[in-house]
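Colleague: The working numbering numbers the first residue of the sequence shown as 21 and each following residue consecutively.
Provided herewith is a single structure, encoded as structure tokens, for subsequent inquiry.
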Amino acid sequence: MRHTLIKSSVLLGLSVVVAACNSTAPEAVTTEPITNVSQFARVIKPEAPQATLVNDSITLEQIMADPKWLGRQPQSPGFGLDGSVVYSRKQEDTQLYDVFRINEQGESVKVAPEVLHKYKSDEKATSRDGQYTAWKYEDSVFVQMPDGEIVRVTYGQPLSNIGFLTDNRLFARLYNTYIAIDLTSGQQEKLLSWEFAD
Numbered sequence: 021m022r023h024t025l026i027k028s029s030v031l032l033g034l035s036v037v038v039a040a041c042n043s044t045a046p047e048a049v050t051t052e053p054i055t056n057v058s059q060f061a062r063v064i065k066p067e068a069p070q071a072t073l074v075n076d077s078i079t080l081e082q083i084m085a086d087p088k089w090l091g092r093q094p095q096s097p098g099f100g101l102d103g104s105v106v107y108s109r110k111q112e113d114t115q116l117y118d119v120f121r122i123n124e125q126g127e128s129v130k131v132a133p134e135v136l137h138k139y140k141s142d143e144k145a146t147s148r149d150g151q152y153t154a155w156k157y158e159d160s161v162f163v164q165m166p167d168g169e170i171v172r173v174t175y176g177q178p179l180s181n182i183g184f185l186t187d188n189r190l191f192a193r194l195y196n197t198y199i200a201i202d203l204t205s206g207q208q209e210k211l212l213s214w215e216f217a218d
């Protein structure tokens with residue numbers, strides 16, 4: 021009895037599904053055979069305008085093959101000590117770079133090598149009271165004093181992490197040592213040092 025009940029339930033379910041499918045089936049579509057296949061298989065080729073090439077025309081491949089075509093764009097923008105905008109630009113036919121600043125009239129002016137330290141810096145810090153500004157350029161540290169004078173504080177020492185202490189002493193890291201430099205006397209003091217042992 022149970023077996024017959026399951027069988028009849030399955031048959032009833034299938035008949036409902038078939039009836040539902042029949043009610044949603046699209047109406048019969050009649051198709052006409054295509055007699056002229058060539059009208060649908062025709063290839064259309066648009067006419068391309070013929071460009072006239074001049075001997076001195078440049079292709080994109082030529083431009084990309086030689087970076088000189090792209091020009092010498094400004095690179096490494098920043099600000100000089102006086103607040104002027106500074107940037108570098110590669111010299112023509114060399115790997116060297118010139119530094120330019122934008123003057124008050126908005127013109128680019130090449131910075132002379134002897135004053136380059138006033139316009140480029142690797143690190144820069146200003147004292148809390150704003151009296152001193154220190155910056156690192158290559159292997160030297162410079163400080164602009166309260167009267168505007170620029171003094172080279174160190175030369176040939178790889179100082180990093182420059183900053184100022186609350187008493188306006190210059191603070192910097194030299195290898196595994198932190199030092200403080202008194203800007204009025206030039207005296208250096210070792211603040212902290214560490215060493216790794218085996």
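Every residue, glycine too, gets a C-beta built ideally from N, C-alpha and C.
Do Asp76 and the ligand SAH come close, with the Cβ less than 7 Å from some heavy atom?
Modeller: In the structure shown, the ligand SAH is absent, as is every other ligand, since no ligand is present at all.
Colleague: Given this structure, state the Cα-to-Cα distance separating Glu81 from Glu134, to the nearest angstrom.
Modeller: Taking the sequence shown and counting its residues from 1, one reaches residue 81 at position 61. Taking the sequence shown and counting its residues from 1, one reaches residue 134 at position 114. Cα to Cα, Glu81 sits roughly 41 Å from Glu134.
Colleague: Using a 10 Å radius around the Cβ and a threshold of 16 neighbouring Cβ atoms, would you call Ser147 buried or exposed?
Modeller: Taking the sequence shown and counting its residues from 1, the one referred to as residue 147 is at position 127. Looking at its Cβ environment, which holds 16 or more other Cβ atoms inside 10 Å, Ser147 is buried.
Colleague: Please look up how many angstroms separate the CB atoms of Lys140 and Tyr117, rounded, as I've assumed it's under 8 Å.
Modeller: In the sequence shown, residue 140 corresponds to position 120, counting from 1. In the sequence shown, residue 117 corresponds to position 97, counting from 1. Wrong, their Cβ atoms sit about 10 Å apart, outside the cutoff.
Colleague: Do the stretch 100-113 and the stretch 121-134 make contact, defined as three or more Cβ pairs closer than 8 Å?
Modeller: yes
Colleague: In chain order, what residues of the same chain lie with their CB nearer than 6 Å to the CB of Tyr198, ignoring the 5 residues before and after it?
Modeller: Indexing the sequence shown from 1 puts residue 198 at position 178. Correct list, in chain order: Leu211, Leu212.
Colleague: Pull up the distance between the alpha-carbon of Gly176 and that of Asp86, whole angstroms please.
Modeller: By one-based count along the sequence shown, residue 176 stands at place 156. By one-based count along the sequence shown, residue 86 stands at place 66. The straight-line gap from Cα to Cα measures roughly 39 Å.
Colleague: For Phe216, is the classification buried or exposed, using 16 other Cβ atoms within 10 angstroms of its Cβ as the cut-off for buried?
Modeller: Locating residue 216 in the sequence shown gives position 196, counting from the first residue. Its Cβ having fewer than 16 others within 10 Å, Phe216 is exposed.
Colleague: Go ahead and label Trp155 buried or exposed: buried means 16 or more other beta carbons lie within 10 angstroms of its beta carbon, across all protein chains shown.
Modeller: As a position in the sequence shown, residue 155 is number 135, starting the count at 1. It counts as buried.
Colleague: Around the Cβ of Leu203, are there at least 16 other Cβ atoms within 10 angstroms (buried) or fewer (exposed)?
Modeller: Counted from its first residue, the sequence shown places residue 203 at position 183. Looking at its Cβ environment, which holds 16 or more other Cβ atoms inside 10 Å, Leu203 is buried.
Colleague: Excluding the 5 residues flanking Lys144 on each side, which residues of the same chain have their C-beta closer than 6 Å to its C-beta?
Modeller: By 1-based counting over the sequence shown, the position of residue 144 is 124. So the qualifying residues of the chain are Trp155.
Colleague: In the DSSP assignment, find the beta strand (DSSP E) that holds Gln95 and state where it starts and stops.
Modeller: If you number the sequence shown from 1, residue 95 lands on position 75. In the DSSP assignment, Gln95 falls within the unbroken beta strand (DSSP E) covering 95-99.
Colleague: Determine the contact status of Ala200 and Leu185, defining contact as a CB-CB distance below 8 Å.
Modeller: Counting from one through the sequence shown, the residue named residue 200 turns up at place 180. Counting from one through the sequence shown, the residue named residue 185 turns up at place 165. Cβ distance < 8 Å, so Ala200 and Leu185 count as in contact.
Colleague: For Gln208, which residues in the same chain have their Cβ closer than 6 Å to its Cβ, ignoring the five residues on either side in sequence?
Modeller: To locate residue 208, count along the sequence shown from 1; it is residue 188. Taken in chain order, the residues that qualify are Ile199, Ile201.
Colleague: Please name the residue in Tyr195, Gln151, Gln93 whose C-alpha comes closest to that of Asp187.
Modeller: Along the sequence shown, read from residue 1 onward, the residue named residue 187 stands at position 167. Minimum Cα distance to Asp187 is reached at Gln151.
Colleague: Would you call the CB atoms of His137 and Ser108 closer than 8 Å?
Modeller: Reading the sequence shown from its first residue, position 117 is the one you call residue 137. Reading the sequence shown from its first residue, position 88 is the one you call residue 108. Contact flag unset, no.
Colleague: Return the chain-ordered list of same chain residues with a C-beta closer than 7 Å to the C-beta of Val49, the five sequence neighbours on each side being excluded.
Modeller: Along the sequence shown, read from residue 1 onward, the residue named residue 49 stands at position 29. Per-residue confidence for Val49 stands at a pLDDT of 48, beneath the threshold of 50, marking its modelled position as unreliable; no derived number is given.
Colleague: Just the C-alpha distance for Asn196 and Gln95, rounded to the nearest angstrom, thanks.
Modeller: Looking up residue 196 in the sequence shown gives position 176. Looking up residue 95 in the sequence shown gives position 75. Cα to Cα, the separation comes out at about 33 Å.
Colleague: Quick one: is Val135 near chain D, going by C-beta distance under 8 Å?
Modeller: Within the model displayed, chain D is absent; a lone protein chain is all it includes.
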